[in-house]
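One structure is given below, encoded as structure tokens.
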Amino acid sequence: MLAAAAIAAGALVAAPVAGAAVNDVPLPGSRLTAIGGTADVSATATRGSTLYLGGVFHGIGRRSPGLAVVDGGSGRLDETVDELVAVSGRQAGVTADAADGSGGAWIKTTNVPGSGPGGLVHVSTGGRLQPGTVAFRNGAASVAPTALARVGDRVFAVGGFDSADGQPRSGLAAFDAGSGALDAWRPPAISGGQVSGVVAAGADALLVTGTFTTVDGQPRAGLALLDRTSGALRDWQPAGAPRPTTGIAPAVDGDTAYVVAAGGDGNPSVWALGLADRSARDLRLGADGAIAAIAVADGKLLVAGGFAKIGAQATQPARAGLAEVDPADGQATAWDAHLARSSGGRVSVRSLLVDGTAVRFSGSFSTVAGRTRCTVAAVGRGDAVATDWDPRVSSEPATCEGGVDLLASGDRLWLTGEGLQAANVEPRHGLAAIDVADDRLLAWAPALDIWFGPSDEPLPTALAVAPDGSSVYVGAFGITAANGVPRSNLAALASADGGTAADQPTDVRDWDPAPDGAVNAIELSADGGIAILGGEFQTVGGQARAGLASLTTASAATVDPWAPNPDGPVTQLARGGDGTLYVAGGFANLGGQARNGLAAFAGATGAPTAFDPHGPAGASYNDIAVGPAPAGGDAVYVAFGSTEQRQIGGQARRAVAALRGDSGDATTWAPTIESGRTVDQVSVVGGSAYLLGSFRTIAGTGQGQQEPRSQIAAVDADGKLLPWAPQLTGTPAGWTRPRVLAVAGRLVVPTAGIQGVGGVGQNGFAVFGDAVAPVLSAAPTVGGVPRLDATVSCQPATYSAGEPLRRSYRWLRDGQPIGGATGTTYSVSADDVGTMLSCEETGANPAGSVATPSEPVRAISGPPANEEPPQVVGTVQVGLAATCTTGRWTNADGFDYRWLIDGAAIAGATTRSYVPADGQQGRQLGCEVTGRNAAGPGAPVRSAARGIEARPATTTTTTPTTTTTVPTTTSVPTTTVPTTTTPDGRPVKVTLGKLAATRKRLTVAVRAGGAGRLTLRLTTKVGKRTVTLGSGYVTVKRSGALSVRLKPSGKGRSALRKGRRLTVAVTASLTPPAGGPATTGTAKATRKVRVG
10 MLAAAAIAAG ALVAAPVAGA AVNDVPLPGS RLTAIGGTAD VSATATRGST
60 LYLGGVFHGI GRRSPGLAVV DGGSGRLDET VDELVAVSGR QAGVTADAAD
110 GSGGAWIKTT NVPGSGPGGL VHVSTGGRLQ PGTVAFRNGA ASVAPTALAR
160 VGDRVFAVGG FDSADGQPRS GLAAFDAGSG ALDAWRPPAI SGGQVSGVVA
210 AGADALLVTG TFTTVDGQPR AGLALLDRTS GALRDWQPAG APRPTTGIAP
260 AVDGDTAYVV AAGGDGNPSV WALGLADRSA RDLRLGADGA IAAIAVADGK
310 LLVAGGFAKI GAQATQPARA GLAEVDPADG QATAWDAHLA RSSGGRVSVR
360 SLLVDGTAVR FSGSFSTVAG RTRCTVAAVG RGDAVATDWD PRVSSEPATC
410 EGGVDLLASG DRLWLTGEGL QAANVEPRHG LAAIDVADDR LLAWAPALDI
460 WFGPSDEPLP TALAVAPDGS SVYVGAFGIT AANGVPRSNL AALASADGGT
510 AADQPTDVRD WDPAPDGAVN AIELSADGGI AILGGEFQTV GGQARAGLAS
560 LTTASAATVD PWAPNPDGPV TQLARGGDGT LYVAGGFANL GGQARNGLAA
610 FAGATGAPTA FDPHGPAGAS YNDIAVGPAP AGGDAVYVAF GSTEQRQIGG
660 QARRAVAALR GDSGDATTWA PTIESGRTVD QVSVVGGSAY LLGSFRTIAG
710 TGQGQQEPRS QIAAVDADGK LLPWAPQLTG TPAGWTRPRV LAVAGRLVVP
760 TAGIQGVGGV GQNGFAVFGD AVAPVLSAAP TVGGVPRLDA TVSCQPATYS
810 AGEPLRRSYR WLRDGQPIGG ATGTTYSVSA DDVGTMLSCE ETGANPAGSV
860 ATPSEPVRAI SGPPANEEPP QVVGTVQVGL AATCTTGRWT NADGFDYRWL
910 IDGAAIAGAT TRSYVPADGQ QGRQLGCEVT GRNAAGPGAP VRSAARGIEA
960 RPATTTTTTP TTTTTVPTTT SVPTTTVPTT TTPDGRPVKV TLGKLAATRK
1010 RLTVAVRAGG AGRLTLRLTT KVGKRTVTLG SGYVTVKRSG ALSVRLKPSG
1060 KGRSALRKGR RLTVAVTASL TPPAGGPATT GTAKATRKVR VG
């Protein structure tokens, strides 16, 4: 009887998280996703931490959109590598890649907002994503490289660009494989077409292929050899060589290069080109399908593509998609990996990689040497037998269609592609179970057969788990068998408890009510002894039961006499807190009562209740859910599944409504859905209603102003719109009614028609968890050289807590925001030169946010330029230290020194001072200074030479150098510091007085004891770094007091913040005119100053 199905009040599941603190992007570590078919989930059920899924999918894998980095031995996905997150509404992809030589890689991404110009991203050895900095342009338009290749310590990018970072580059550019900075290597002008491939040709040359016709003004039909050091075109044109097939990388083995091109018979072939003798020879492979990739190993040529036969033999051997060819005669060898496709389609291989003793490849195939391998595999180099390496990468496990590109870097394999969705995929045909707490796919994998035919999909529409966890009830329209045991539309199976796969005939329960139509909903009693079915059937267990039935779950499946017989389909069932059964569908009458699409039955008696919303005639309802009403009793939430506004419960409501459980009257809960949009699904978790539909905006009850929501929203029991706002890619399918569930303290949202959540390529379901306020562990940094017209990137911050985060950026000039500069990259303009640039990252989630600026870097116009040459100062005499001044430079951040004697460099003399040695008297001493900055070194500049005097016969008297530190007082005393006195005379006295500082000016009081050149340098400590606030020199014409004003340096301006208290080290030196008796005097002092 229906009474046995009563559920005790309060049995509703509690909310896993507080509504305002639920993250709106999938939980980190939750990587499982549905794959294949339409990757939709149409039914859910849960017990404990186990989530049961039913839908149209062929497998469950670990999410890795666009990029999967897997172990080279086991094939297991390395989840320490950051995921690619796409811009909302798109899917992340990778179209080019190259190893960086250090265990990481460079990739060219699509639809990834955190990437650098042209989508370039560096993935570090540790797995962090760092945007590239080189900006590729064709005229004024930004373009992306089409291919990447590493040669030595450089990565070469090819494509349709004519400049890189503002420097001329005709479709071919190089950047540093480690830092990503543009390399000075420059190719000659390439025209008439694009470069598509580049590979090392020996130790000093590059082989370049493409569609171009001219290089450096010389005719070249898609083939050219360039100098690896200078970029110069070499005189190499193999006689009779064809134009290579575009997009296929060449291969080089010693003095021979191999390119794919049409053979003499017109069929795809490979040509051998002599790098030394300039020969060209067709290997006459005569492939009966396209050639997609080539590689060389052990003197043999490996060829991959879409062919079935290949080789220069008179009778070509069968080689499906992969063959080994002897380049000496073009004949296919006996090596054969025996690729096949169970779906009957043609085998093709698109990517090829020789990795030590293994050949790894990808394409469209399902078996290799008799072993199951879907789209990616490896075979032994010697025996062509499939290895155990199996990353199980596929977007369609049923057909094994597609493939990815392969790259080896370090001990890992990098699999990339635009269609790549997941790795470590396990086949599951419409049914699966996962442990949400551990993010682990369980072994549970029943098989359902469907009467429509083997190519059609089973469509589970309802799932329920027995309270004791022993059985799972599956409603799936059109099934004829479960694990080979005949069943019609409904089956009971062994659960996932105990790790069972439930894929054997013995795992199918004897219970077999055999409804003759679809079962859309299953409700079980608290003890599991009664099952209530709702759907589109007419008979159950041989008894006439239209759309609603109650029956025992014992083996006999006894049908209860209860027979409301609705006159239309039942779409959903829901239980109230007191056991009341609520029914939604497309009926007008049931249980002898007029009820337009909505009805309720008492749990104790099965009799219709007074619940009657008096909906319009002919109305149907897509979904129904029940939660506690704020005033007590049940609140019944109803999704119309249509765009109309209708009278329900005595009130006008659009798309969704909440009704009193006792009467059906509308409550005050009334969120406003935008006109013309639907709510198709409604679930209740923790008292809040979760809505899915086609809407894009929604307002809470009485809120008025609509807020954006991407087809999903949460509204609490009072009608308040919660801040939870995931961004969905795709459109939810209106025909499904799976429940949003609380599982293991997390929120699980099943989806159909959705391909991504928050930019993450998630299919079928998404798991959300509590948001934790972000905690910074490392600030962002500015990547690249901040040179005029160059592009710099904001390398992201790292956090010890708070992921996943929404990251936003802005760029600052001298600490102030730059209008419109809110991306991860920034192009340095003329307005920036001489200022301090920094980027600020804000990491935010519903629990909080943190904004962190990077350390500022000085924007420069280019390498340093000298304005005044250095000088050798001090007494130039054997045994005494002479000093090299820097001279005056623009843009210099540091200096390198070399000492010269008679114009030649002195070995090892590279510091600022030099002591002439015995035997050097009478020779000419000079110094050379090179200014440097982030853009590189400037041109070296030499001083005038001075003659070296002999060591004097008299004894040198030395006055010790002392430094007096000014105490911290309101009155700053002056400081006089004597320096070394030589027999030629006494030092000029220098006295330092007060210091004043503003962001625009430094003013130092000085008393000079004579005429000469006065040089000042002011430094301070910022953290652990020493920052030069300013430096310069003035000419002193006579002794006396003077006030010296200095312009702060770029870094100095950043340190000179108004109101800041600084301790400043002041150094002064006064060099008297040459020829006088006095020597250079110096002074040092420490001043405490408050910036005005």
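Here the numbering used here is used: the first residue of the sequence shown is 10, the next is one more, and so on. For glycine and all other residues, C-beta sits at the position ideal for the given N, C-alpha and C. The structure displayed is predicted, hence computed values, not measured ones.
In whole angstroms, give me the CA-to-CA distance for L591 and P759. The sequence shown places Tyr at residue 591, not Leu. The straight-line gap from Cα to Cα measures roughly 22 angstroms.
Would you say I319 and L310 are within 8 angstroms of each other, going by their C-beta atoms? Their beta carbons are not under 8 angstroms apart, which means I319 does not touch L310 by this criterion.
Where do the N-terminal and C-terminal ends of the beta strand (DSSP E) with R163 fall, by residue? That run of the beta strand (DSSP E) goes R163 to V167.
When the Cα of A156 is compared with those of I116, V132, D171 and A150, which residue comes out closest? Ranking I116, V132, D171 and A150 by CA distance to the CA of A156 puts I116 first.
3-residue-minimum beta strand (DSSP E) runs that sit fully inside the region 1000 to 1024, ordered along the chain: Listed in chain order, the complete beta strand (DSSP E) runs (minimum 3 residues) inside the region 1000 to 1024 are 1011 to 1017.
In angstroms, rounded to a whole number, what distance separates the CA positions of P251 and G298? Looking at the two C-alpha atoms, the distance is approximately 19 angstroms.
Among W520, T489, G595 and G487, the one whose alpha carbon lies nearest that of L502: Nearest option by C-alpha distance: W520.
Use the C-beta contact count for G551: other C-beta atoms within 10 angstroms, 16 or more gives buried, fewer gives exposed. Around the CB of G551, fewer than 16 other CB atoms lie within 10 Å, so the residue is classed as exposed.
Residues near R56 by beta carbon distance below 6 angstroms, same chain, minus five either side: The residues are V474 and G478.
In this structure, does DSSP put G839 in helix, strand or coil? As written in the sequence, residue 839 is Ala, which differs from the Gly given in the question. Residue state, collapsed to three classes: helix.
Could you check the C-alpha separation between T990 and L889 for me, to the nearest Å? Because T990 sits at a pLDDT of 36, beneath the cut-off of 50, its placement in the model cannot be relied upon, and the point is left open.
From G739 to G765, what does the alpha carbon distance come to, in whole angstroms? Going by the C-alpha atoms only, they are around 7 angstroms apart.
What is the rounded straight-line gap between the Cα of S179 and the Cα of A289? A289 has its alpha-carbon roughly 27 angstroms from the corresponding atom of S179.
Identified DSSP bridge partners for A500: DSSP output for A500 lists V483 as bridge partner(s).
Quick check: what's the CA-CA separation for G829 versus D643? When only Cα atoms are considered, G829 and D643 end up about 51 angstroms apart.
From G636, G112 and A321, residue whose alpha carbon lies closest to that of D727: Among G636, G112 and A321, the Cα nearest to that of D727 is on G636.
With 16 other CB atoms within 10 Å as the buried threshold, where does E850 fall? It counts as buried.
Below 8 angstroms on the Cβ atoms is my guess for G169 versus N147; work out the distance and round it to an integer in Å. Confirmed, Cβ separation roughly 6 angstroms.
Beta-ladder partner(s) of L60, from DSSP: By DSSP's assignment, L60 forms a beta bridge with T55 and I443.
Looking at C-alpha atoms only, which residue of A332, Q340 and L416 is the closest neighbour of V377? Shortest Cα-Cα distance from V377 to any of A332, Q340 and L416 involves A332.
Is the beta carbon of V31 sitting closer than 8 angstroms to the one on L756? Taking 8 angstroms as the Cβ cut-off, V31 and L756 qualify as a contacting pair.
Can you look up T515 in the DSSP assignment and give me helix, strand or coil? The answer is helix: DSSP assigns T515 an H, G or I state.
Taking the straight line between their C-alpha atoms, what separation do you get for Q930 and A948? Each residue's alpha carbon lies about 30 angstroms from the other.
For G612, three-class secondary structure by DSSP: In the three-state reduction of the DSSP assignment, G612 falls in the coil class, being assigned neither a helical nor a strand state.
So what's P126 in DSSP terms, helix, strand or just coil? In the displayed model, P126 falls within a helix according to three-state DSSP.
Is it the case that the Cβ atoms of A634 and V724 are separated by a distance below 8 angstroms? No, these two residues do not count as a Cβ contact at 8 angstroms.
Could you tell me the alpha carbon to alpha carbon distance between A18 and A535, rounded to whole angstroms? Any reading at A18 must be qualified, since the residue scores a pLDDT of 29, below 50, and its modelled position is unreliable; the value itself is stated next. Roughly 11 angstroms between the two C-alpha positions.
Name the two residues that bound the continuous beta strand (DSSP E) containing S1. No information on residue 1 is available, as it lies outside the stretch 10 to 1101 that the chain covers here.
Return the CA-CA distance between A1092 and T1035, expressed in angstroms with no decimal places. If you take the alpha carbons of A1092 and T1035, they lie about 19 angstroms apart.
I'd like the list of long-range same chain contacts for P946, defined as Cβ closer than 8 angstroms, with 5 residues on each side in sequence excluded. Excluding five sequence positions before and after P946, the CB atoms of its chain that fall closer than 8 angstroms to its own CB belong to P872, P873, D905, T939 and G940, given in chain order.
Would you identify the three-state DSSP class for D392, choosing helix, strand or coil? D392: coil per DSSP, three-state reduction.
Name the two residues that bound the continuous beta strand (DSSP E) containing R1096. It spans G1090 to R1099 - the beta strand (DSSP E) in which R1096 sits, taken as one unbroken run.
Specify the secondary structure class of T968 as computed by DSSP and reduced to three states. Reliability of the predicted coordinates at T968 is poor, the pLDDT of 37 falling under 50, and the value obtained from them is presented with this limitation in mind. T968: coil per DSSP, three-state reduction.
Got a sec: is the Cβ-Cβ distance from C409 to anything in chain C below 8 angstroms? This model lacks chain C altogether, as it is built from one protein chain only.
May I ask you to list the residues that DSSP assigns as paired with K117? In DSSP, K117 forms a bridge with A105 and L129.
Closest residue to W525 among A901, Q720, G556 and A454 (Cα-Cα distance): Note on identity: in this sequence residue 525 is Asp, with Trp being the wrong assignment. When each option's Cα is compared against that of D525, the closest is G556.
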